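Protein chains in written order, with the numbering used here: chain A, 1 to 109; chain B, 110 to 220. Ideal Cβ positions, reconstructed from N, Cα and C, are used throughout, including at glycine. Here the structure is a predicted model, which is why all the values come from computation and not from measurement. Notes follow once the structure below has been shown.
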């Protein structure tokens, strides 16, 4: 059974304080790993797709990396507008996504 | 380009009532799916479709029905609402092998 575990569950940072979010996965044959951002009252918004170990993707202050067992979402010098819940997901056995429970990130000014 | 549109945004039902949550996409995606999101549980797959006329069950299908008569629409039916179906429901669509795009959600309360 595919499993996705995210840590920490919640993270509070000061503006400008860099950190990383973790996504550990167990799948039989990785067909991609997705990162999403979700704001309160909104649907998940796509950020990145990673397909193979060693791959990296960047967007503004965010960089996603992938190893054979986990992915990291690095946040460099975050701003309050980066506050959101960050979700990772992998394609599941059914034709849907298996999601982690997310990391709730708060950036304080 | 509207993307994925869900209606209604909010709904309150009484136990035993039925209703349909609407989902439409204008991106000509083959794959569509329904998820529910509950506190502490994350997003869980209810039903999915890989094309018009083809649907299948996900992780938590009990109490829900779907149909896919067109590429654009994928409605989710609650047959007899129960308090356990209080949740936020998201519809998503994607092309084959690519990332999913989500609607803005329907917040459903069953009293």
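Whole angstroms are fine: how far does the CA of residue 178 of chain B sit from the CA of residue 30 of chain A? 31 Å
Interface residues of chain B around residue 96 of chain A at Cβ under 7 Å? Within chain B, the residues near residue 96 of chain A are 142, 154, 157 and 167.
Cβ neighbour criterion (16 or more within 10 Å) applied to residue 133 of chain B: buried
So, do the stretch 8-23 of chain A and the stretch 37-44 of chain A have three or more beta carbon pairs nearer to each other than 8 Å? no
Would you call the stretch 97-106 of chain A and the stretch 148-166 of chain B touching, i.e. three or more CB-CB distances under 8 Å? yes
Less than 9 Å between CB atoms is the rule here; does residue 209 of chain B satisfy it with respect to chain A? yes
Please state whether DSSP places residue 192 of chain B in a helix, a strand or coil. helix
Using a C-beta to C-beta distance shorter than 9 Å, which residues of chain A count as neighbours of residue 199 of chain B? 43 and 44
Check each residue of the stretch 169-198 of chain B: if its Cβ is closer than 8 Å to any Cβ of chain A, include it; give the result in chain order. Flagged: no residues at all.
C-alpha distance - residue 12 of chain A paired with residue 162 of chain B, whole-angstrom precision: Those two C-alpha atoms are separated by around 46 Å.
Host beta strand (DSSP E) of residue 209 of chain B (start-end): Note, residue 209 of chain B: premise wrong, no beta strand (DSSP E); not H, not E.
Along the chain, where does the beta strand (DSSP E) that runs through residue 57 of chain A open and close? 56-59
Show which residues of chain B have a CB atom less than 9 Å away from the CB atom of residue 92 of chain A. 154, 167 and 168
Rounded to whole angstroms, what is the Cα-Cα separation between residue 8 of chain A and residue 147 of chain B? 18 Å
Residue(s) in a DSSP beta bridge with residue 63 of chain A: A:58 and A:74
Given that a residue counts as buried once 16 or more other Cβ atoms are within 10 Å of its Cβ, and exposed if not, what is residue 135 of chain B? exposed
Have a look at residue 15 of chain A and residue 80 of chain A and give me their C-alpha separation to the nearest angstrom. 6 Å
Verify whether the separation of the beta carbon atoms of residue 172 of chain B and residue 196 of chain B is less than 9 Å. Taking 9 Å as the Cβ cut-off, residue 172 of chain B and residue 196 of chain B do not qualify as a contacting pair.
How long is the line joining the alpha carbons of residue 17 of chain A and residue 128 of chain B, rounded to whole angstroms? 47 Å
C-beta neighbour in chain A for residue 136 of chain B, strict 9 Å: Taking Cβ atoms only, chain A never reaches closer than 9 Å to residue 136 of chain B, which makes this a no.
Hey, how far is the Cα of residue 27 of chain A from the Cα of residue 216 of chain B? Residue 27 of chain A and residue 216 of chain B have their C-alpha atoms roughly 31 Å apart.
Whole beta strand (DSSP E) elements within the stretch 146-203 of chain B, 3-residue minimum: 151-160, 163-166, 173-175, 185-187 and 196-203
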